[in-house]
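Novice: Residue numbers (UniProt numbering): 1 to 329. Shown below is the structure under consideration.
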Amino acid sequence: MLQSRIFGKDAAACLESVCTADILGTPEGSGSLTVFTNEAGGILDDLIVNKVSEKELYVVSNAAMKEQDMGIMKTAVDNFKSQGKDVSIEFLTPADQSLVAVQGPQVAKELSKLLTGKASLDQLYFMSSFVTTLAGIPNVRITRCGYTGEDGVEISVASSQAQKLTESLLESGVLKLAGLGARDSLRLEAGLCLYGSDIDSKTTPVEAALAWLVTKRRRTTRDFPGADVILGQLKEGVSRRRVGLQMLGTKPPPARSGVAIFSQGQQVGQVTSGCPSPSAGRNIAMGYVAENLKAPGTKVEFKVRDKLYEAEVTKMPFVKANYYNRPKK
């Protein structure tokens, strides 16, 4: 992942100029998921922005889009600087800083064993972040987030200490190593998009069923790239929409990315992600279908190896999320 830090009293306004989040209105210590957009309303990448303070942001975006994202943020910073604004940016290289994701219901219990002093995860709610000492390693940033739908954290640690931290986490035997295959099935069960598969530069937040990322204040200010297109779609609608899909019948094959979706003999969409779901116990997928077919329960068919299989549109997430959210008042 690309980790970046943006500094200065104009840091929030600067990053807002290239994404859809209400960073100015985000409380210190909290964060949110957002997207970079282009002038056509397409999604250039998804990212998490943490508001460390009124003068510092911590940003995590996709490693595969590193060069593009660095360019987007640096251009925004340079533009603001040319106007006399107070902003600067630092890109953390893999040689300097690593990111360790720890996910699952035992995370808080196991991490708490490695915290020292008064640090506690009890008040660290979903999308919140703090810097502490963990496993004897100072200046570790823990953010309560992840891409699995489960409770979890992402830990930013000096690369020189990453192995020590990982070994400390594994020492109890409760936490286990997991690869991207496990992460991918979990994020699909949670109904979360993978950039380059489920969302891309030709897909808008409205089409991707991510309109909630365009926050209320930003819909009013209309000052992010592609605002006119996206807000127009919110009003007028779109021709296609990202939906959840599940296979029907006895032992159907999984529908993978690229599989065509049919209705009444006509192709009406395409699968963007799909896999057998260990948690849901069935084959699941997400993809784009014609707008008139987006309602849960709508019957469609998948064409796998020249054979049609029954499926239906379903609500997401496929598995209930278990985020550690702040109690509702």
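For every residue, glycine included, the Cβ atom is placed at its ideal position computed from N, Cα and C. Fair warning: this is a prediction, and the values are worked out from it, not measured in the lab.
For glutamine 103, count neighbouring Cβ atoms within 10 angstroms of its own Cβ and tell me buried if that reaches 16, exposed if not.
Specialist: It is buried - the Cβ of glutamine 103 has at least 16 other Cβ atoms within 10 Å.
Novice: Buried or exposed for glycine 8, please, with buried defined as at least 16 other CB atoms from any protein chain shown within 10 angstroms of its CB.
Specialist: Glycine 8 comes out buried.
Novice: Identify, in the order they occur along the chain, each residue of the same chain with its Cβ nearer than 7 Å to the Cβ of alanine 40, setting aside the five sequence neighbours on each side.
Specialist: Only Gly226 and Val229 meet the Cβ criterion.
Novice: Could you tell me which of Thr148, Ala21 and Gly287 sits nearest to alanine 182, measuring between CA atoms?
Specialist: Of Thr148, Ala21 and Gly287, the residue nearest in Cα terms is Thr148.
Novice: Can you tell me whether arginine 240 is buried or exposed, with buried defined as 16 or more other CB within 10 angstroms of its CB?
Specialist: With 16 or more Cβ atoms within 10 Å of its Cβ, arginine 240 is classed as buried.
Novice: How big is the Cα-Cα spacing for glutamate 312 and glycine 287?
Specialist: Cα to Cα, the separation comes out at about 12 Å.
Novice: Please check the pair leucine 114 and alanine 135, which I expect to be a contact at CB under 8 Å, by giving their CB distance rounded to whole angstroms.
Specialist: Leucine 114 to alanine 135, Cβ: 4 Å. Contact.
Novice: Indicate whether isoleucine 48 and cysteine 193 have their beta-carbon atoms separated by less than 8 Å.
Specialist: The answer is no: Cβ separation not under 8 Å.
Novice: Can you tell me which of the three DSSP states alanine 23 falls into?
Specialist: Note that residue 23 is isoleucine in the sequence shown, not alanine. Correct three-state label for isoleucine 23: coil.
Novice: Mind reading off the beta-carbon distance from asparagine 322 to glutamate 150? Whole number of angstroms is fine, and I expect it under 8 Å.
Specialist: Yes, asparagine 322 and glutamate 150 are in contact; Cβ-Cβ is about 5 Å, under 8 Å.
Novice: Within this structure, are the beta carbons of leucine 92 and isoleucine 72 separated by less than 8 Å?
Specialist: No, Cβ-Cβ distance for leucine 92 and isoleucine 72 is not below 8 Å.
Novice: Helix, strand or coil for valine 313? Go by DSSP, reduced to three states.
Specialist: In the structure shown, valine 313 sits in a strand (DSSP, three-state: E or B).
Novice: Starting from threonine 220, trace the alpha helix (DSSP H) both ways and give me its first and last residue.
Specialist: Run containing threonine 220: 216-221, per the alpha helix (DSSP H) assignment.
Novice: Using the three-state DSSP reduction, which class does arginine 141 fall into: helix, strand or coil?
Specialist: Note: arginine 141 maps to strand in three-state DSSP.
Novice: Throw me the rounded Cβ distance for the isoleucine 284 and leucine 245 pair, which I believe falls under 8 Å.
Specialist: At roughly 7 Å, the Cβ-Cβ gap stays under 8 Å, so isoleucine 284 and leucine 245 are in contact.
Novice: Counting only the same chain and skipping the five closest in sequence on each side, list residues whose C-beta sits under 7 Å from that of lysine 55.
Specialist: The residues are Phe7, Gly8, Lys9 and Ala11.
Novice: Where leucine 188 and isoleucine 199 are concerned, what is the direct C-alpha to C-alpha distance, given to the nearest angstrom?
Specialist: In a straight line, the C-alpha of leucine 188 is about 13 Å away from that of isoleucine 199.
Novice: Give the C-beta separation of threonine 133 and threonine 116 to the nearest angstrom, bearing in mind that I take them to be a contact with Cβ-Cβ under 8 Å.
Specialist: The pair is a contact, with the Cβ atoms about 5 Å apart (cut-off 8 Å).
Novice: Assuming the contact rule is C-beta atoms closer than 8 Å, leucine 33 and isoleucine 23 should be a hit. Round their C-beta distance to whole Å, please.
Specialist: Between isoleucine 23 and leucine 33 the Cβ distance is about 12 Å, and since that is not below 8 Å, they are no contact.
Novice: How many Å lie between serine 257 and lysine 303 at the Cα?
Specialist: The alpha-carbon atoms of serine 257 and lysine 303 are separated by roughly 12 Å.
Novice: Would you mind stating whether serine 88 and leucine 2 have Cβ atoms separated by less than 8 Å?
Specialist: Cβ atoms of serine 88 and leucine 2: not closer than 8 Å.
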